[in-house]
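Novice: Sharing a structure, written as structure tokens. Questions coming.
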Amino acid sequence: MPASGIKTRILIISDTHSRPLQNDYPHDPPRAFREPLPDADVLIHCGDMTMTGSVPDYNATLDVLRASSAPLKLVIAGNHDLSLEEKWMSNHREKDWRFVAMEEENDPLDKKASVSKAERQVRRDCKSVYQEARDFWTKEGGVARKEGVVFLDEGSHTFRLDNGALLRIYASPYTPDFQDWGFAYPVKTHDSFNSHTHSFDKTTNICQNPIPSFSASSTEESERNVDVVITHGPPYKQLDLTATGLNVGCPHLLHAISRAKPLIHCFGHIHEGYGARLVEWANNDSAKASDSKNDTTSTTVDTYMTETWRTAITPSTHGDSKSSGAQVSFPPETDIARDRSVRLDLSSLTTVTTSSQPQSAAQALMDVDDEFVEETQDEAKAVELKRGRNTLFVNASIVDLGYKAVNAPFLIEAELQGAV
């Protein structure tokens, strides 16, 4: 078995919100989110599989996942997948939970033979609804597991892929609190991604599974660095810009990613943030620096968000203000439609640094004045992503602000180490 350099195709989607794959979509070129999904070694869904976490919505998501030939399909929950968070369900006991019962043989809820299971609705208590949702995705021999789907709870996970590669994942569904949705935490006061020694000053640490730090000397399989971080929400300043002009990503998460330095950090949540960006870490020459406090323990969240975050990233790849930083160039629209994906090879990315081209769909919505001229690119550069030096950020939201499935999946080719 080779020890390194195994080409691996990673298909990434997020925020499908129960939308089906398109068949004969009346579009020219056709929408990329259509059958069949591109071939891949592993598929990743970054959460918000549904609108509110009902079983019929989960079934619709499973229909999409079935359309993938990937032997391994990894999914996490998002803030809309309410029934998958036990705490949120417990805090909403008064809600009149009415879900269509799962269609299984010997369904204990089958009280009336004259009423079909697909039509019958029953009042459910929050505990049974949560357990049904968990069983749907995690039960051995259940409907999702039979399709090769693995539901990831928060923490680190390692998989040996069919192509011989070893894939190390960190996953988390948690996002900054917004209205009354699930998997939320108060971002200005609580840290959900770093250990106590890496949290900001005057911050309450609630992290039970910190994102592991990068180490250049890591050799043992159990100590290998994280290849892909999967979160539902974006980190601060990275494809997190809303149509109202606010950067709503998590600063604690950005700090954690700057320590972990994964090859890929994929997420969704902010639909208008769809896109891909490449950053170069400022402290990429030292394994010790990756696990240091980087002076953040004496820094407040507010100071980090206004000043300190820039010190972790090489200035040319900040992506601050109207600068897109190292925006990853996409293939032509016709190629994306043909391939049913945005295809990117980590060994030969092309980035564009420009002060006028938008870093995401949200930036394009904002830059409608004469300053936005797509042709005024400052520099196009071919880049080979290197472990510990760069991270590719991917916002893979399939739906737009109107919940229409207009965006393409990402198909990323990366070299992973071989399983020992």
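In the numbering used here, the protein residues as written are 31 to 450. Glycine is no exception: its CB is placed at the ideal position from the N, C-alpha and C atoms.
With DSSP collapsed to three states, give me the class of L431.
Specialist: Three-state result, L431: coil.
Novice: Starting from A246 and walking both ways along the beta strand (DSSP E), at which residues does that stretch end?
Specialist: Here A246 belongs to no beta strand (DSSP E), and DSSP marks it neither H nor E.
Novice: Tell me where the alpha helix (DSSP H) around Y88 begins and ends.
Specialist: Taken as a continuous stretch (DSSP letters only), the alpha helix (DSSP H) holding Y88 covers V85 to R96.
Novice: May I ask which residues mark the beginning and end of the beta strand (DSSP E) holding F440?
Specialist: Taken as a continuous stretch (DSSP letters only), the beta strand (DSSP E) holding F440 covers F440 to L446.
Novice: Where S377 and H122 are concerned, what is the direct C-alpha to C-alpha distance, given to the nearest angstrom?
Specialist: Whole-angstrom Cα-Cα distance: 48 Å.
Novice: Compare the beta carbon distance of N235 and S229 with 8 Å and say whether it is the shorter of the two.
Specialist: Yes, they are a contact pair.
Novice: Start and end of the beta strand (DSSP E) containing F166?
Specialist: No beta strand (DSSP E) holds F166; the alpha helix (DSSP H) holding it covers C156 to T168.
Novice: Could you please give the first and the last residue of the uninterrupted alpha helix (DSSP H) stretch that includes E116?
Specialist: From DSSP, the alpha helix (DSSP H) with E116 extends over E116 to S120.
Novice: If A444 and I40 are in contact, beta carbons under 8 Å, what's the gap, nearest whole angstrom?
Specialist: A444 to I40, Cβ: 6 Å. Contact.
Novice: What distance in whole Å lies between the Cβ atoms of R289 and L67, which are believed to be in contact at a cut-off of 8 Å?
Specialist: Between R289 and L67 the Cβ distance is about 33 Å, and since that is not below 8 Å, they are no contact.
Novice: Apart from the five residues on each side of it in sequence, which residues of its chain come closer than 6 Å, Cβ to Cβ, to A70?
Specialist: Taken in chain order, the residues that qualify are R39, L41 and A100.
Novice: Going along the chain, which residues of its own chain have a beta-carbon closer than 7 Å to the beta-carbon of D270, five neighbours each way excluded?
Specialist: Excluding residues within five positions, the ones whose Cβ falls inside 7 Å are P264, N277, V278, G279, I300 and G303.
Novice: Nearest by alpha-carbon distance to F208: which of W167, N109 and V256 is it?
Specialist: Per the Cα distances, N109.
Novice: Give me, in chain order, the residues of the same chain whose beta-carbon lies closer than 7 Å to that of T329; leave out the 5 immediate sequence neighbours on both sides.
Specialist: Result list for T329: F230, D231 and T338, in chain order.
Novice: Just to check my reading of the structure: G77 and P240 have Cβ atoms closer than 8 Å, yes? What is that Cβ distance to the nearest angstrom?
Specialist: Not a contact, Cβ separation roughly 20 Å.
Novice: How many Å lie between G298 and Q268 at the Cα?
Specialist: Rounded to the nearest angstrom, the two C-alpha atoms are 11 Å apart.
Novice: Which one of L374, T364 and T168 has the shortest CA to CA distance from L182?
Specialist: For the residues L374, T364 and T168, the minimum Cα distance to L182 belongs to T168.
Novice: Quick check: the Cα distance between A90 and E414, rounded to an integer number of angstroms?
Specialist: About 38 Å.
Novice: Alpha carbon to alpha carbon, how far is I199 from T344? Give it in angstroms, no decimals.
Specialist: Whole-angstrom Cα-Cα distance: 25 Å.
Novice: Can you tell me whether D192 is buried or exposed, with buried defined as 16 or more other CB within 10 angstroms of its CB?
Specialist: Per the 10 Å Cβ criterion, exposed.
Novice: Please state the DSSP three-state secondary structure of W311.
Specialist: Strand, per DSSP.
Novice: Reducing DSSP to helix, strand and coil, say where T380 ends up.
Specialist: In the structure shown, T380 sits in a strand (DSSP, three-state: E or B).
Novice: Which residues in the same chain as R96 place their Cβ atom closer than 8 Å to its Cβ, once the five residues preceding and following it in sequence are excluded?
Specialist: Cβ neighbours of R96 beyond the five flanking positions: E177.
Novice: How long is the line joining the alpha carbons of L422 and N313, rounded to whole angstroms?
Specialist: In a straight line, the C-alpha of L422 is about 16 Å away from that of N313.
Novice: State the beta-bridge partners of F181 as determined by DSSP.
Specialist: The partner list for F181 (beta bridge, DSSP) reads V105.
Novice: Assuming A201 is part of the alpha helix (DSSP H), what are its boundary residues?
Specialist: Looking at the DSSP string, A201 is not in any alpha helix (DSSP H); the run it does join, the beta strand (DSSP E), is L196 to S202.
Novice: Less than 8 Å between the C-beta atoms of V180 and L104, yes or no?
Specialist: Yes; because the gap between Cβ atoms is below 8 Å, this pair is in contact.
Novice: DSSP three-state call for A367: helix, strand or coil?
Specialist: The answer is helix: DSSP assigns A367 an H, G or I state.
Novice: Quick one: residues in its chain with C-beta nearer than 7 Å to the C-beta of P431, no 5 flanking neighbours on either side, listed in chain order?
Specialist: For clarity, residue 431 is Leu in the given sequence; the question names Pro instead. Result list for L431: A273, H301 and E302, in chain order.
Novice: Tell me, which residues are paired with V259 by DSSP?
Specialist: Per DSSP, Y200 and H295.
Novice: In the structure shown, what three-state DSSP assignment does S346 receive?
Specialist: S346 falls in the helix class under three-state DSSP.
Novice: Note down, in chain order, each residue of its chain lying with its Cβ closer than 6 Å to the Cβ of G185, except the 5 sequence neighbours on either side.
Specialist: Hits under 6 Å: N239.
Novice: Along the beta strand (DSSP E) that carries H75, what are the first and last residues, could you check?
Specialist: H75 -> beta strand (DSSP E) spans V72 to H75.
Novice: What residue does the beta strand (DSSP E) around D375 start on, and which one ends it?
Specialist: Note, D375: beta strand (DSSP E), V372 to D375.
Novice: Count the other CB atoms within 10 Å of the CB of G212; is the residue buried (16 or more) or exposed (fewer)?
Specialist: Under this definition G212 is a buried residue.
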